[in-house]
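Participant: Structure provided below as structure tokens; questions to follow.
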Amino acid sequence: MTSRRSNSRDSDRVRTRTSSANADRIRSGDLSDALTEVLQVLREETPLPRPSTQGVKDPEGEKSVARVKSSSPTGSDRRLGVSGEAAVAKPFHWQFSHFKDCPITEDQDSVAHLVRHFKPDGCSLPSLRNMTEREAYAMEANNEFAATLEKRLQDVPRSDELYEIKKVVRERKLGLKMAQDRKLANAAQLAAAEKLGNQAASFEARLRVVSNESKSALEQVSFLEAKVESSANKFSDDLRRATREAKKTMADSYLDVLVSLKEKWEKKEAATDCEARLREVVANIDLLKEIMSNSLLSLDELLRLRGKEIELGSEVDVMATSDFFVGKLDLP
Numbered sequence: 001m002t003s004r005r006s007n008s009r010d011s012d013r014v015r016t017r018t019s020s021a022n023a024d025r026i027r028s029g030d031l032s033d034a035l036t037e038v039l040q041v042l043r044e045e046t047p048l049p050r051p052s053t054q055g056v057k058d059p060e061g062e063k064s065v066a067r068v069k070s071s072s073p074t075g076s077d078r079r080l081g082v083s084g085e086a087a088v089a090k091p092f093h094w095q096f097s098h099f100k101d102c103p104i105t106e107d108q109d110s111v112a113h114l115v116r117h118f119k120p121d122g123c124s125l126p127s128l129r130n131m132t133e134r135e136a137y138a139m140e141a142n143n144e145f146a147a148t149l150e151k152r153l154q155d156v157p158r159s160d161e162l163y164e165i166k167k168v169v170r171e172r173k174l175g176l177k178m179a180q181d182r183k184l185a186n187a188a189q190l191a192a193a194e195k196l197g198n199q200a201a202s203f204e205a206r207l208r209v210v211s212n213e214s215k216s217a218l219e220q221v222s223f224l225e226a227k228v229e230s231s232a233n234k235f236s237d238d239l240r241r242a243t244r245e246a247k248k249t250m251a252d253s254y255l256d257v258l259v260s261l262k263e264k265w266e267k268k269e270a271a272t273d274c275e276a277r278l279r280e281v282v283a284n285i286d287l288l289k290e291i292m293s294n295s296l297l298s299l300d301e302l303l304r305l306r307g308k309e310i311e312l313g314s315e316v317d318v319m320a321t322s323d324f325f326v327g328k329l330d331l332p
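In full-length UniProt numbering, the protein residues as written are 1 to 332.
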């Protein structure tokens, strides 16, 4: 219970920092692109089950042939169709609509409902409404979604750079259209000049200049399109690489925590055993004191136990280990 509360507090802090850092960028118009990239990454990392011609098994074990839009972000999908061996199953699909008066990143249930659908083949999860740990799952799903969205927004090119590229492309296309218009106009003028005779050479020279400008504009447009495509491919590769590195770092952090727990547990067992032996020696000393009240024959044994008591006391002090709780661990 202590670990769960601590994890909840840590998750709240992470989600608060991520939401405040990304609020301006999300409200400025990057939400649609960010959601598209994040969902694409989740879809690539977690393949969805392939449709089968023998019916699709839902998490409750029933066959279904189609899914329709859910009326609530946290509700389970409704099922339509005819069940049975004679029915031919249609491909599995689901739809989602967000109607709340707030960004989707501020609605935990909606984000958790989306993340729940990205799961490996054969993984069965109940609907968000029927989960026993609904709040914990929703919070964890929001944290994962916010972290992925944060990485996407950090690596995406700046909006001013994209705006400049688009502006140049528009200008080149406009120049190309203007050049084509000038080419047509010059062609008409050339026909008129041929009739006049004395202006034919001048119009032919102007036509060659316009053709060269048109060719140059086409080459520049092709170069810019290739540059945009290369930037998009590089971003996709960097995003996948960063995701793999983040997963590896998290796994190493949890491994370090488990190793430290094992070492503390072994030290605690040794200290407990030493304390038990010390209590046994103290009990023997008390017993010998009672015996010596009537006899002096056990003096040597008492001296031996006194020495043993001092030795075990020192050993207990050396092996003393503080109590530890999962809530106090520095979990990643």
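All residues carry an ideal CB built from backbone N, CA and C; glycine is no exception.
By how many angstroms is the C-alpha of residue 124 removed from the C-alpha of residue 118?
Facilitator: In a straight line, the C-alpha of residue 118 is about 11 Å away from that of residue 124.
Participant: Report, in whole angstroms, the separation of the C-beta atoms of residue 183 and residue 218, which I expect to be a contact under 8 Å.
Facilitator: Between residue 218 and residue 183 the Cβ distance is about 13 Å, and since that is not below 8 Å, they are no contact.
Participant: Over the uninterrupted alpha helix (DSSP H) stretch that includes residue 181, give me the two end residues.
Facilitator: Segment 159-196, the alpha helix (DSSP H) holding residue 181.
Participant: DSSP three-state call for residue 257: helix, strand or coil?
Facilitator: Helix, per DSSP.
Participant: For residue 114, is the classification buried or exposed, using 16 other Cβ atoms within 10 angstroms of its Cβ as the cut-off for buried?
Facilitator: When all chains shown are included, residue 114 counts as buried.
Participant: Quick check: the region 169-179 against the region 143-156, are there 3 or more CB pairs under 8 Å?
Facilitator: Not touching, per the Cβ criterion.
Participant: Identify, in the order they occur along the chain, each residue of the same chain with its Cβ nearer than 8 Å to the Cβ of residue 302, setting aside the five sequence neighbours on each side.
Facilitator: Excluding sequence neighbours, residue 302 sits near 285, 288, 289, 292.
Participant: Within 10 angstroms of its Cβ, does residue 109 collect 16 or more other Cβ (buried), or is it exposed?
Facilitator: With 16 or more Cβ atoms within 10 Å of its Cβ, residue 109 is classed as buried.
Participant: Is it right to say residue 240 is buried, meaning 16 or more other beta carbons lie within 10 angstroms of its own, or is it exposed?
Facilitator: It counts as exposed.
Participant: State the Cα-Cα distance for the pair residue 277 and residue 300, rounded to the nearest angstrom.
Facilitator: C-alpha separation (whole angstroms): 20 Å.
Participant: Look at residue 315 and residue 281 and say whether their C-beta atoms are less than 8 Å apart.
Facilitator: Not in contact: residue 315 and residue 281 (Cβ atoms no closer than 8 Å).
Participant: Assign residue 250 to one of two classes, buried (16 or more other C-beta atoms within 10 Å of its C-beta) or exposed (fewer than that).
Facilitator: So residue 250 counts as exposed.
Participant: Taking the continuous alpha helix (DSSP H) assigned at residue 153, which residues delimit it?
Facilitator: 134-155 is the span of the alpha helix (DSSP H), which, as asked, contains residue 153.
Participant: Compare the C-alpha of residue 336 against each of 226, 263, 264 and name the closest.
Facilitator: No answer is possible for residue 336: the residues shown for the chain start at 1 and end at 332.
Participant: Please report the residue range of the alpha helix (DSSP H) in which residue 108 lies.
Facilitator: Start and end: 108-116.
Participant: In whole angstroms, what is the alpha-carbon distance linking residue 228 and residue 234?
Facilitator: Their Cα atoms are separated by approximately 10 Å.
Participant: Identify which residue in 275, 223, 242 has its Cα closest to the Cα of residue 169.
Facilitator: Closest by alpha carbon: 223.
Participant: Distance check for residue 120 and residue 142, CA to CA, integer angstroms please.
Facilitator: Cα to Cα, the separation comes out at about 19 Å.
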